[in-house]
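Sequential numbering of the sequence shown, starting at 6, is according to my numbering. Glycine is no exception: its CB is placed at the ideal position from the N, C-alpha and C atoms. These numbers were taken from a predicted model, which means no experiment stands behind them. Here the structure comes first, spelled out in structure tokens, and everything after it is commentary.
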Amino acid sequence: MSLRKLFPVTLFAIPALFLFNGCAPVIVVGAAGGGAATAHDERSTQTILDDQVIEAKAKDALYKDPERAKRIHINITSYNHVVLLTGEVLSKKLRNQVVDIVRHLDKVRRVHNEIRFADLTGFQSRTNDSWITSKVKTQMLTAKGFDSTRVKVITEAGTVYLMGLVTRDTGNRAANIARQISGVKRVVKVFEYL
Numbered sequence: 006m007s008l009r010k011l012f013p014v015t016l017f018a019i020p021a022l023f024l025f026n027g028c029a030p031v032i033v034v035g036a037a038g039g040g041a042a043t044a045h046d047e048r049s050t051q052t053i054l055d056d057q058v059i060e061a062k063a064k065d066a067l068y069k070d071p072e073r074a075k076r077i078h079i080n081i082t083s084y085n086h087v088v089l090l091t092g093e094v095l096s097k098k099l100r101n102q103v104v105d106i107v108r109h110l111d112k113v114r115r116v117h118n119e120i121r122f123a124d125l126t127g128f129q130s131r132t133n134d135s136w137i138t139s140k141v142k143t144q145m146l147t148a149k150g151f152d153s154t155r156v157k158v159i160t161e162a163g164t165v166y167l168m169g170l171v172t173r174d175t176g177n178r179a180a181n182i183a184r185q186i187s188g189v190k191r192v193v194k195v196f197e198y199l
């Protein structure tokens, strides 16, 4: 890479290291690695940023109360201002609180509540879910004629949730790919269709 092309990146990256402190590596990596996925994303750049802000605000709002934080394990995924909530809570009252908090965040259009009333999952279960997600994404990546950048994959307790702005054909194909993966108990489509 020539110095002329490297200069603007350096101009942004060095101040960002000081400005964002611990977040800089994520920002720099995200800017470098996320470009290809963003180019194929049906969402606008602003909507992608909004989704990230929704996820961060939801997490902050849910986990700021230390007593509640001990009694919930919630995954927040926002795609096109539609929020998917997965995880576990120790009471139905907590589940209702979580949904209500997220539903009232700025720019949230809809909330899909997939929170289970159950004991909080442990490290082994969460590791297994991460492994399933990796296997699903890998299969999508290697599937001939399938654009894996259009589908977001989330796994909780062996259930695979699929999000994105896709055609019905792409959504069905994504679900079929996910169903073929060992360890997948169920596939839930949370797509918005084009």
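Beta-bridge partners assigned by DSSP to valine 165: Thr160 and Val192. For threonine 91, the enclosing beta strand (DSSP E) stretches over residues 87 to 94. In this structure, DSSP gives threonine 52 a helical state, which the three-state scheme calls helix.
For arginine 184, the uninterrupted alpha helix (DSSP H) run begins and ends at 173 to 184, by DSSP. Burial of tyrosine 84 is indicated by the presence of at least 16 other C-beta atoms within 10 angstroms of its C-beta. With a 10 Å radius around the Cβ and a threshold of 16 neighbouring Cβ atoms, glutamate 47 comes out exposed. A distance below 8 Å separates the beta carbons of leucine 170 and glutamate 197. Per DSSP, the continuous alpha helix (DSSP H) segment holding threonine 138 begins and ends at 128 to 147. Under the 10 Å beta carbon count, histidine 78 is surrounded by 16 or more other beta carbons and is classified as buried.
Counting only the Cα atoms, valine 156 lies some 16 Å from isoleucine 186.
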